[in-house]
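Everything below concerns the one structure shown next.
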Amino acid sequence: MSNDVKLGYVGLGNMGAPMAKRLVDWPGGVTVFDVRTEAMTPLAEAGATLADSVADVAVADVISVTVLDDAQVREVVGALAAHAKPGTVIAIHSTISDTTAVELPDEWKPQGIHIVDAPVSGGAAAAEKGELATMVGAEREVYEKIKPAFKQWASMVIHAGEPGAGTRMKLARNMLTFTSYVAACEAMKLAEAAGLDLQALGRVVRHTDALTGGPGAIMVRDDMKPLDPDHFLYQPFLHTRELGEKDLSLALALGKAVSVELPLAELARQNLAAGLGLPRSNE
């Protein structure tokens, strides 16, 4: 990407503001807009150019959008694309439906406008440090064009595939996050019923997840087919299955003893082996 490329940013909320702030030193400059004037003031003080409307940001060559939901994304993208020149890239960083992420590129491609989905993960603190991860759904040529700008606020920039793929990857990632939250709450219910210190349990979980990598530690496969016995992961996962089924059975027994229902733990015991690509231990 040439250094004279102009950047734009629409939506200066919890994530958008720190992401946009990391673009103020971009050689081609950054133009920003938010419906809240008070959200733009810190960016102006940092060196950004303020726009009077969403449409005014369309002067930029690469425009980032971080707004609330699909409806706002469609409205903002429509206003930008209607005033943008051919070749402009509009990147959606909001988490939206994969349907929207596919429909918008198809809608504006005839006008030469590239709509890409590039949702982010990592939180506001990571945005401030430039350590976000972003999953980009775009044609390869467009991805290579926008990657240098994205590297200003992301330490991991992944080309997930064609338009829509970035959003699908983000949805899978967030499914893991929020499902694990429910599992954590179930574990806390068990611990509370067993008379344990929940704060201490939380410290143990955070400490050991930092050491082991948490659920992401097993996400090393290229596909989800059952593993052949000669696969290099078969024996390590066999060990994981044996430990998991044993420990889940013990946890379920403890739950029964303290009268706590553990539906996720029961599902985990039933499905752990298949998820790992192995038969259950009694099969």
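Per this note's numbering, the very first residue in the sequence shown carries number 2; after that it's consecutive.
Glycine included, C-beta positions come from ideal geometry on N, C-alpha and C.
Residue 237 beta carbon near the ligand HEM (any heavy atom closer than 7 Å): Absence of the ligand HEM from the depicted structure is noted, as is the absence of any ligand whatsoever, leaving it without description.
Span separating the alpha-carbon of residue 233 from that of residue 225: In the sequence shown, residue 233 corresponds to position 232, counting from 1. In the sequence shown, residue 225 corresponds to position 224, counting from 1. When rounded, the distance between both Cα atoms is 14 Å.
C-alpha distance - residue 96 paired with residue 276, whole-angstrom precision: As a first step, residue 96 is located in the sequence shown; it is residue number 95 there, counting from the start. As a first step, residue 276 is located in the sequence shown; it is residue number 275 there, counting from the start. Cα-Cα distance, rounded: 26 Å.
Proximity below 8 Å, CB of residue 122 to CB of residue 134: The residue you call residue 122 lines up with position 121 of the sequence shown. The residue you call residue 134 lines up with position 133 of the sequence shown. When the beta-carbon positions are compared, residue 122 and residue 134 come within less than 8 Å of each other.
Residue 66 vs residue 78 beta-carbon contact at 8 Å: Reading the sequence shown from its first residue, position 65 is the one you call residue 66. Reading the sequence shown from its first residue, position 77 is the one you call residue 78. Against a cut-off of 8 Å, the Cβ pair of residue 78 and residue 66 comes out as a contact.
Endpoints, the alpha helix (DSSP H) within which residue 206 is located: Position 205 of the sequence shown, counted from the first residue, corresponds to residue 206. Unbroken alpha helix (DSSP H) run through residue 206: 199–213.
Assigned secondary structure, residue 255 (DSSP; H/G/I helix, E/B strand, else coil): For the purposes of this step, residue 255 is taken as the residue at position 254 of the sequence shown. Looking at residue 255 - three-state DSSP - the assignment turns out to be helix.
Residues of its chain near residue 177, where Cβ-Cβ distance is below 7 Å and the 5 sequence neighbours each way are ignored: Along the sequence shown, one-based indexing puts residue 177 at 176. Within the same chain, residue 177 has close Cβ partners 216.
Residues that DSSP places opposite residue 155 in a beta bridge: Along the sequence shown, read from residue 1 onward, the residue named residue 155 stands at position 154. DSSP, once it has assigned bridges, lists 133 as partnering residue 155.
Option nearest residue 11 by Cα separation, candidates 50, 29 and 168: Mapped onto the sequence shown, residue 11 falls at position 10. With distances taken between Cα atoms, residue 11 lies closest to 50.
C-beta contact flag for residue 92 and residue 58 at 8 Å: To locate residue 92, count along the sequence shown from 1; it is residue 91. To locate residue 58, count along the sequence shown from 1; it is residue 57. Against a cut-off of 8 Å, the Cβ pair of residue 58 and residue 92 comes out as no contact.
C-alpha gap between residue 33 and residue 218, whole angstroms: Numbered from its first residue, the sequence shown carries residue 33 at position 32. Numbered from its first residue, the sequence shown carries residue 218 at position 217. If you take the alpha carbons of residue 33 and residue 218, they lie about 39 Å apart.
Selection from 39, 26, 13 and 259 that minimises the alpha carbon distance to residue 69: Working through the sequence shown from its first residue, we reach residue 69 at position 68. That would be 13, whose Cα lies nearest to the Cα of residue 69.
Exposure of residue 41, with buried meaning 16 or more beta-carbon neighbours within 10 Å: Translated into the one-based positions of the sequence shown, residue 41 becomes position 40. When all chains shown are included, residue 41 counts as buried.
Beta-carbon contacts of residue 287 that lie in its chain and below 8 Å, excluding the five residues immediately before and after: Because the chain here runs from 2 to 284, residue 287 falls outside it and cannot be looked at.
Counted within 10 angstroms of its Cβ, other Cβ atoms place residue 242 as buried (16 or more) or exposed: Taking the sequence shown and counting its residues from 1, one reaches residue 242 at position 241. Buried: at least 16 other Cβ atoms inside 10 Å.
Rounded C-alpha distance that separates residue 266 from residue 253: Residue mapping note: residue 266 aligns to position 265 of the sequence shown, counting from 1. Residue mapping note: residue 253 aligns to position 252 of the sequence shown, counting from 1. So the two alpha carbons sit approximately 7 Å from each other.
Coil, strand or helix - residue 95 by DSSP: The sequence position of residue 95 within the sequence shown is 94, counting from 1. Three-state DSSP puts residue 95 in coil, outside helix and strand.
For residue 34, three-class secondary structure by DSSP: Residue mapping note: residue 34 aligns to position 33 of the sequence shown, counting from 1. Of the three classes helix, strand and coil, the one that applies to residue 34 here is strand, per DSSP.
Euclidean distance between Cα positions of residue 231 and residue 223: Reading the sequence shown from its first residue, position 230 is the one you call residue 231. Reading the sequence shown from its first residue, position 222 is the one you call residue 223. So the alpha carbons of these two residues sit roughly 16 Å apart.
Residue ranges of each beta strand (DSSP E) within the region 38–125, 3 or longer: 63–66, 90–93 and 115–118
Residue 131 vs residue 109 beta-carbon contact at 8 Å: On the sequence shown, position 130 is the one that residue 131 refers to. On the sequence shown, position 108 is the one that residue 109 refers to. No, Cβ-Cβ distance for residue 131 and residue 109 is not below 8 Å.
Cβ neighbours of residue 137 in the same chain (closer than 7 Å, five flanking residues each side left out): Counted from its first residue, the sequence shown places residue 137 at position 136. If we look at residue 137 and ignore the five residues flanking it on each side, its Cβ neighbours are 117, 119, 144, 158, 159, 160, 161 and 167.
Distance CB(residue 212)-CB(residue 261) smaller than 8 Å: Taking the sequence shown and counting its residues from 1, one reaches residue 212 at position 211. Taking the sequence shown and counting its residues from 1, one reaches residue 261 at position 260. No, they are not a contact pair.
Beta-carbon gap between residue 7 and residue 80 smaller than 8 Å: Against the sequence shown, residue 7 aligns to sequence position 6. Against the sequence shown, residue 80 aligns to sequence position 79. Contact: no.
Residue from 236, 18, 250 and 149 with nearest C-alpha to residue 279: Here residue 279 corresponds to residue number 278 of the sequence shown, with the count starting at 1. Residue 236 is the option with its Cα nearest to residue 279.
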